[in-house]
Structure formats: C-alpha cells, structure tokens
Amino acid sequence: MGSVVLVLRLALADARRHRTQAAMLLLAVTVATATMAIGLSLHGVSDALYAQTRAATAGPDVVVLSGESGPEVSAALASLTDRADVVAHHGPYRIVYADLTTRDSVSSPVVVHGFAETPNAVNRPLVTAGRWVRPGGTVLERGFAVALGVDVGDRVTIAGRSYPVVGIAVTAATSIYPWGAQIGPYGGPSDYTGLAWMTRSDARALAASRRLPVTTAIDLRLRDPAAAETFRHTVADDHPVRVVRSTFRSWQFTAHHDKVILRNAQPIMVIGGWLLGFLAVSGVATLAAGRVAEQTRRAGLLKAVGAGPGLIAAVLLTEYLGAALAGDALGLTIARLAMPAVAAPTASRIGDAEPTVTAVIAATVLAVAVAVLSTLGPTLRAMRTATVPALAASAHQPRRRPRLNALSALLPTPLLLGLRLTARRPGRAVLQACSTATTVVAITALLAVHAQRERGYGLDGSTALPNLRGLHDRRLMIAITVLLIALAIVNILTFTWTTAMEARATMAIVRTLGATPGQVAAGLSAAQLLPSLPGAVLGVPLGFLMYLSFRVGNTIPPRLSWMAGVALATLVVTAALTVLPARLAARRSVAATLSAETA
Amino acid sequence: MNRSGAVLRARGLVKHYGRGQSLVRAVDEVDLEVPEGQTLAVMGPSGCGKSTLLHLLGGLERPTAGEVWVAGRRIDTLGERALARMRRRSVGFVFQAFHLVEELSAAENVELPALLAGHSPREARRRAGLLLERVGLAGRARHLPSRLSGGQRQRVAIARALVNDPLVVLADEPTGNLDTAATLDVLRIFEDLRAAGQTLVIVTHDERVAATADRLVSMRDGMFVDDTRLAAAQPRGLGGLGGLLGLEG
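In order, the protein sequence lines correspond to chains A and B.
For our numbering, add 1325 to where a residue sits in the first sequence, where the first one is 1.
For our numbering, add 472 to where a residue sits in the second sequence, where the first one is 1.
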C-alpha cells in the first residue's frame, strides 16, 4: 500500500511539474479514443437504434410487398395470415407512388401508405409530433420531414393535392430515409424516396386522382421473429403470393439496410481514429524522448535510495498511464455525447446511442498503447542504466554522419544547421514525415470527396434535397481532418521545441562560433521542414488512393492544382508554426545555456 | 583597432544579475584595455566574475552598463546579428568544458566556424587540416570528441577558435578539466600563440597558465584588484597566427 501511495505521489508531482505535457497527452488520447470509439460503435449503435424503434412501433418481423394491386393481390397477401407461424398482421394496405412538394418548392418522390386511423397490432408508427392520420391530413416520416424542413401545421402538395401535415412519426417497417420505398412502382427499382401516411380512403383517392402507381403490402408478426430471414423460403412455390410476384423484407434486412448510410462513416471514423492515435503516439513519444535524460536521472535517484525495478517502472509509467486513462475516459464520454449525431444522420430512428463494449475496450487498449509505446523505450533505458551513470545522465548522443556532414557543408548556414539537426534524430524525422503525410492524406481525401458529383434526394436527383449519406461522410471527413490538423499542429510545435531543447547546447556553441539567432531559428525550422517535404509529397497520392479504396463507381479526381496546393500549403503552415518556438529557442542566452550544460 | 592600439577595450563595465536583496554584482565598474598581441591572464576566486567578464568581452552577454569595444568598434550596442558577425571574424572562444559538437568529428568541429564565416568547404577543410596538424592532432581528424582525451578535445577546441584567424582568443579556464600532461600540451600551444603575436585573454585558476601571460589581472567581487605586467617569457614573432600557420593566401 505504501508503495502505491509513493508511486501516485511521485507521478502526481511529476505531472504537476510538466503540466503542458500532461495536457497534451490528455488531449491527444481524448481525440483518438473518442474517434475510435464512435467508429467502432457505429454498426452496433445502428442496430440498437433499430431495435429500440422496432420495440416502440410494434415493428413487423416480415413485410411482404407486391408490385401489383387489386383484390387478387390483397387476397394473396392476406392468405399468408392463415399460416401457423404468423401470429399477427397488419394489412394488406395500399402504397401510392407520388411526388411531394413543400411550400419552399422542394420536391421529392414519396410513397404514401394508406393506414387506419386507429392503431394497428403490428406496424404502429410512433407519433413524435402532432397526431396520427385523419381524413384530409398527412403524417410524414420523421427523417423525411427533417430533410424537407417541414413541421406539423405546414402544408405539402402530394400529386398536386394540398395536405396539412398533422403529425410526424417513425416506423421500423421500412428502412430509414431516403429508403422509404422498399420496392419501386410495379415492383421495379426504387429511387430515393420519403414516406408519408394517410387514411386508407385518402390514399385510395390520391391514387385514383392521377392514376398513380400503386403497390400492396402486408406486415406480419411471426411466432419466431428470428426465423424472419428464412420465412420466404417456407412459402411454397405454388402459393398465391408467388403468383403475384412478391418481395419479402425481414426485420433483419431492414436493420442491415439502415447501415447503408453509414457504409463510409465507419471506415472514416475507424481509420481516422488510428491516424489520430498515430499522431498522438508521435507527439507523446517525442515528449517522452525529450525527457529521457531527466527520467534516467530520476531512475538513478530512486535506485540510489533503494527502489527496485518494478517500483521504478511503475513511477515512470504511471504518470503517462494516468493521463492516458483520463484521456480515455474523457474520449468515451465525448463519444457517448456525439454518438447520436454520428450514428443516426437521419431522424428516422429513436432511442439512445452508446459506445459498444467492444469499442470501449478497443479505445482503452489504444489509450494504454499510446502511453506504453511512447514511454517504454525511455523507461527501459532508465531502468537498465546503472545508478551512478544514471545520476549523471545526459541526452542521448547522436551518431556521426560523415557524408551528410560533408553534403551539408555545401549548403547555406540555415540548411547546414537544419540538415545536421534532422540527422541527429532520424527516428523523429521519420515521425515528422509520417505526421505530415497523415495530415496531407486526410486533406487530399477530403478534397477528393468534395470533387465528386452526388445525386441528391430531390426529384430526378435534384440536390435541393441533399444526399444525406454524402453530406454525412463529408461532415465526418471534415471533423476528422480538423482533428488531425489540430494534433499535427501540436506535434509540429512539440517536435520543434523538443529539437530545440535537445540541441540547445549545440546551438549555443554554434552561436559562439558566429551563427546569428536568425540562422539558428531558420536552422530549427529547416529541421522540421526537411522531413515534412517528403511527407507532404507522399501524402497527396496516398490520400487519393485512400479515397479510391472506399469509392465505388465513377470517380472524379480533384484538380491537380488543388492537390499541389495542399502539399505546398502544408509546408508553408509547417514553416510558419516552427517560427515561434524556433525564435524563442534561438534567443536563449548563449552564456546561460553553456553554463547550465557545464554545471 | 582604435587609436590606442587596443584590440579589446572596456569602460565602466557593469553586469548585475537579480534584483533587490538578491542582486549579484558579477562585474562592477571594470575598465580594461588589451593591446594587440598581448596575452592577458585574469585570475580570481570562483564566482568573482571572471567568466562573466569574458562573456561580456566576447559579446555573449550584454552589460548592465558600460562599453565594450572590439577592434575599435563598440559592440555592446550591436544587435544579435551584428554580434554574431563580429564573433565570426574577430573572436575565438575556448571553454573549460570544450563545448565541441559531439556528433561532428574533430575536423568537422574545426571546419564549422569557417563554414559559418562563408568559406568554401574546401577552404574550411584546408584550414582545419593545418590547424589540427599544428595542435598535433592530424591523426585524430576523423575521431569523434567522445573518442578523444580531455587534452585532445581542448586542442581541437583551440584549433576551432583559431580557424577564422580571429583578432582575439578568449579562453575560459582552458585547463580546468585537464590533467598535468594535457595542461602542458595546452600551455605549449598558448606559448606558440603568444609568440606568434595572437591576442589572448585567458581566465584561469591555474598559476602555470597565468605565468605564460604578459599581464595578470586579479579579480575579486566583480572588480579588478590588481593589474601586473609580467616579464615576457619568450620573444614573439611578428604578424598574426594566421601568418604563422600559413593560412593567409
């Protein structure tokens, strides 16, 4: 117990001394774990939202739809209710295919379900605003209403007839908006379509007024809901339903179809989470490397007073682990809050969305990995160093690179210094290059997404009603890219400052030999820019490749000038960000630095 | 050089650290002139302000008050860039802790100030080669500092200080970290420099080092308490060290 208290006290004291570093670790881990938890939870959350909506709306186990209408079709569908495995039903009911126009002239295809004014035993849409259908009024599916910007009390025109919107409702019988039509007119393919309800007589009148296409459907509840997927195979080939060319939609199919809108969202979030995790490891590892001499001296001090390897490892790791786990908890909280918006881009489902257990475990593993991966090296080094050398530990001595030194001698002073500083820490240069590449990959992929033409959800693909899936993907890409850029900025500042601190003695010596503060600052900036250059150049094709790996169908490449601009702008921003820490470091007193190094 | 022929001149030089009760007068109203070719030793107890004086003379620190002139040019009012240029051309530093760049070889360390001064890599290499030969380290040119003894490191540092043929070399406890044999090696080099007419200011605890000087200044509590001219140990040649080492032309 005493050891635990000691470890905690030492870790807390160290965290207090390095508040900025602890805050950076917290920020990096929070961002990475939140993103990853959301990404990994998306499918599970989509299933959960469907299940909650299904429970609240007495969702059917199977919906059987026929592309035709008429008494024979209704009779054929109704004959399914005689089966022993069907315990309840709703319908048959009429589905009318029409166009809907709002007062703002936004038009969309719509399917109108003709329902009773009283609640059904199966498929009982949950009214979330207003009231259920009444003669002369229509109820809109919530996802559709939100996309249209229509509320209760507004009027909409369906197939040329004006109707007041008397209510907004959700149902689990159909997929989320814009897949309200499970089949198209006459059983053909369906377009992006919204869903509305009317009374049976209103639906019949609507269909008759313009000779609109009509299909028929029946909702079934089975004795064994789990058997819904195989129900259609149990219907004999000579059953009347087969004669009227029917389509079977199980609840499992509908739940799965809900995820179509998230098809790109999950990889965007998961890959984004990994990329953010990588940037977090890069930044934190650089911070840890910058403290390696201090940590080694600390380990030596602990050894000198009798601490064993286990205690030393615990002291050195606890600070980072504690910050990482705090970041994990914060990230998971943010994920929980952001989940409904990310997992349900339409308003077609109800219920609470929480990160799944798998996602919580994965995010926590990521947080621990960030802490351990970035501190294991320095910790092992500190533990392996004998007590006396540890007490006098100085920063790791870089390797000599004669060819690079000879090459740099040909360059102007800032580049000479920059190249030699880069060569001092080749591992960090690789991290810097990867960090830049990661950012450029995200920006290029975002540009590629924006370059595509998308079919809107309005009439004939009009973008008056935006493509929610594309919009959702773009929003997520923007959010991930902004987070990546934010972490990359933190990393650039960290890399520059750590490089400056590690090289402060060398830079002070160079100043005594006649280098100006400007040359030293430019050298420190150049040390960050040199590895960023290949990172930026590589990031452009990698970003486009990443985009292509998710895209299906024809792809419009973004303009070459845009991609070149991204690489150039990244380098310019990198240079600008290095200026402040580099100038601050270059202005440190030479005499004070040399005296400190001698002491 | 100014009209008096002084390479280095300080008037009313003051350097304070801290404030109020924690005020430290590291250098307190010091006047100094170092003529061309003179070897000046500055002695005194630890903390008396010797190193601070050296830093002020070399433009590494700015005085709280007073003036510093190098080769007839006032430097305490110069900006950092101008100070850096002045150091490149006019001043060479030798430190007690050597302060070599650890990842550069002996030759690369010596070349560095020449490259900073704008010499071509070939010229920088030529100068480094000559100076390393002069300090007896031609065979160690490719060695990293970590593979050299303390004395050898200090000789590399001296070679580095001389590579741009400076008007004055400022040495801060150059033998402070060395054993007797290494100290003698360094003393021999300083003797050669003195004989060649190189202006030298050496801050030291070591009386053997001070004995090689033309003039000895004693410091206490930031002030000069004694200024003694010593008998010249050996006749000196004419011209700068660059001439001696064949760096000119």
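C-beta atoms are modelled at their ideal positions from N, C-alpha and C, and glycine is treated no differently.
Nearest-angstrom beta carbon gap, residue j and residue i [assumed within contact, 8 Å]
i                 : j                 : result
tryptophan 1887/A : leucine 1746/A    : The pair is not a contact, with the Cβ atoms about 32 Å apart (cut-off 8 Å).
valine 1436/A     : isoleucine 1420/A : 5 Å
threonine 1839/A  : alanine 556/B     : Reading off the sequence, residue 1839/A comes out as glycine, not threonine. That belief holds up - the Cβ atoms of glycine 1839/A and alanine 556/B are roughly 5 Å apart, short of 8 Å.
aspartate 1429/A  : glycine 1462/A    : Not a contact, Cβ separation roughly 20 Å.
alanine 543/B     : valine 479/B      : 6 Å
alanine 1542/A    : tyrosine 1418/A   : 6 Å
alanine 1668/A    : leucine 1451/A    : With a Cβ gap of about 19 Å, alanine 1668/A and leucine 1451/A do not count as contacting.
leucine 526/B     : valine 673/B      : 7 Å
threonine 1837/A  : leucine 532/B     : 6 Å
alanine 1910/A    : alanine 1825/A    : 3 Å
alanine 1441/A    : glycine 1676/A    : Alanine 1441/A to glycine 1676/A, Cβ: 26 Å. No contact.
Own chain partners of residue i with C-beta closer than 6 Å, once the 5 adjacent residues on each side are dropped
i                 : result
glycine 1860/A    : Ala1758, Thr1761, Ala1762
alanine 1340/A    : Ala1347, Glu1644
valine 1630/A     : none
glycine 1509/A    : Ser1515
isoleucine 1355/A : Per the sequence presented here, residue 1355/A reads as threonine, with isoleucine not at that position. Only Gly1652, Leu1655, Gly1656 meet the Cβ criterion.
Burial state of residue i, where buried means 16 or more other Cβ atoms lie within 10 Å
i                 : result
arginine 619/B    : exposed
aspartate 637/B   : buried
arginine 1750/A   : buried
threonine 1823/A  : buried
tyrosine 1782/A   : buried
serine 577/B      : buried
isoleucine 1686/A : exposed
serine 562/B      : buried
serine 701/B      : For the sequence presented, residue 701/B should be read as arginine rather than serine. Exposed is the call here.
alanine 1533/A    : exposed
glutamate 1679/A  : buried
asparagine 1879/A : exposed
histidine 1438/A  : buried
threonine 1683/A  : exposed
leucine 1885/A    : exposed
proline 1906/A    : buried
leucine 528/B     : buried
alanine 1639/A    : buried
leucine 1797/A    : Checking the sequence, you will find histidine at residue 1797/A rather than leucine. It is buried - the Cβ of histidine 1797/A has at least 16 other Cβ atoms within 10 Å.
Cutoff 7 Å; reference residue i; Cβ partners in own chain excluding five residues on either side
i                 : result
valine 486/B      : Val499, Asp500, Glu501, Pro535, Thr536, Ala537, Gly538
methionine 1802/A : Ile1593, Ala1770, Leu1771, Val1774
aspartate 1544/A  : Pro1385, Val1388, His1414, His1415, Gly1416, Val1447, Asn1448, Ala1498
leucine 656/B     : none
leucine 1902/A    : Ile1814, Ile1817, Leu1818
Neighbourhood of residue i by C-beta, 8 Å cutoff - its chain only, sequence neighbours within 5 removed
i              : result
alanine 1553/A : Asp1386, Val1387, Leu1547, Ser1575, Trp1576, Gln1577
valine 1595/A  : Met1361, Gly1364, Leu1365
leucine 495/B  : His488, Tyr489
leucine 1402/A : Val1389, Ser1391, Gly1416, Pro1417, Thr1541, Ala1542, Ile1543, Val1566, Val1569, Ser1571
serine 1914/A  : none
Heavy atom of the ligand ZN within 7 Å of residue i beta-carbon
i             : result
leucine 656/B : For the structure depicted, the ligand ZN is absent and the ligand set is empty, with no information on it obtainable.
Beta-carbon neighbours of residue i, restricted to chain D and to distances below 9 Å
i               : result
arginine 1913/A : Absence of chain D from the displayed structure is noted, the protein chains being A and B.
Residues from the segment 1620-1631 of chain A in contact with chain B, defined by Cβ distance under 9 Å: Taken residue by residue, none of the segment 1620-1631 of chain A has a beta-carbon sitting less than 9 Å from a beta-carbon on chain B.
Interface residues of the segment 499-528 of chain B facing chain A [CB-CB below 7 Å]: The segment 499-528 of chain B vs chain A, Cβ under 7 Å: His527.
Are the segment 1568-1588 of chain A and the segment 1604-1623 of chain A in contact at 8 Å, needing three or more beta carbon pairs? Segments in contact, no.
Residues of the segment 532-549 of chain B with Cβ closer than 8 Å to any Cβ of chain A, in chain order: For the segment 532-549 of chain B, which is checked against every Cβ of chain A, the residues closer than 8 Å are Leu532, Glu533.
Quick one, which residues of the segment 562-588 of chain B are near chain A if we go by CB-CB under 8 Å, in chain order? Residues Phe565, Phe567, Gln568, Ala569, His571, Leu572, Val573, Glu574, Glu575, Leu576, Ser577, Glu580, Glu583, Leu584, Pro585, Leu587, Leu588.
Any residues in the segment 1830-1842 of chain A with a beta carbon nearer than 9 Å to a beta carbon of chain B? Which ones, in chain order? Residues passing the 9 Å Cβ filter: Ala1830, Thr1831, Ala1833, Ile1834, Val1835, Arg1836, Thr1837, Leu1838, Gly1839, Ala1840, Thr1841, Pro1842.
For the segment 669-700 of chain B, enumerate the residues whose C-beta is nearer than 9 Å to any C-beta of chain A, in chain order. Flagged: no residues at all.
Specify whether the segment 1520-1528 of chain A and the segment 1459-1472 of chain A touch according to this definition: at least 3 beta carbon pairs, one from each stretch, less than 8 Å apart. Because the criterion of three Cβ pairs below 8 Å is met, the segment 1520-1528 of chain A and the segment 1459-1472 of chain A touch.
Inspect the CB distances between the segment 1788-1795 of chain A and the segment 1886-1903 of chain A and report whether three or more fall short of 8 Å. No, the segment 1788-1795 of chain A does not touch the segment 1886-1903 of chain A.
On the three-pair Cβ rule with 8 Å, is the segment 1494-1506 of chain A touching the segment 1373-1383 of chain A? Contact between the segment 1494-1506 of chain A and the segment 1373-1383 of chain A is established, with three or more Cβ pairs separated by less than 8 Å.
Please list the residues of the segment 593-618 of chain B that have a C-beta atom closer than 9 Å to any C-beta atom in chain A, keeping them in chain order. Within the segment 593-618 of chain B, the qualifying residues are Pro593, Ala596, Arg597, Arg614, Leu616, Ser618.
Within the chosen definition, does the segment 1658-1666 of chain A reach the segment 1476-1494 of chain A through at least 3 CB pairs nearer than 8 Å? By the Cβ rule, the segment 1658-1666 of chain A does not count as touching the segment 1476-1494 of chain A, because fewer than three pairs are nearer than 8 Å.
Below 8 Å, how does it come out for the segment 544-552 of chain B and the segment 569-576 of chain B: are there three or more Cβ pairs, yes or no? Touching, no.
Under 8 Å, with one C-beta from each stretch per pair, do the segment 1727-1740 of chain A and the segment 1840-1848 of chain A reach the 3-pair mark? Three or more beta-carbon pairs drawn from the segment 1727-1740 of chain A and the segment 1840-1848 of chain A are found closer than 8 Å, and the two stretches are therefore classed as touching.
Three or more C-beta pairs below 8 Å linking the segment 510-523 of chain B and the segment 678-692 of chain B: Cβ pair count under 8 Å is three or more, so yes.
Mind checking the segment 1327-1338 of chain A against chain B and listing, in chain order, the residues whose C-beta falls within less than 7 Å of any C-beta there? Considering only beta carbons, no part of the segment 1327-1338 of chain A lies closer than 7 Å to chain B.
On the three-pair Cβ rule with 8 Å, is the segment 1702-1709 of chain A touching the segment 1620-1637 of chain A? Counting Cβ pairs under 8 Å, three or more are found: they touch.
Please list, in chain order, the residues of the segment 647-672 of chain B that have any C-beta partner in chain A closer than 7 Å. Those residues of the segment 647-672 of chain B that come within reach of chain A (Cβ to Cβ, closer than 7 Å) do not exist; the list is empty.
The segment 619-636 of chain B: positions lying closer than 8 Å to chain A by Cβ: Look at the segment 619-636 of chain B: the residues with a C-beta under 8 Å from a C-beta of chain A are Arg632, Asn636.
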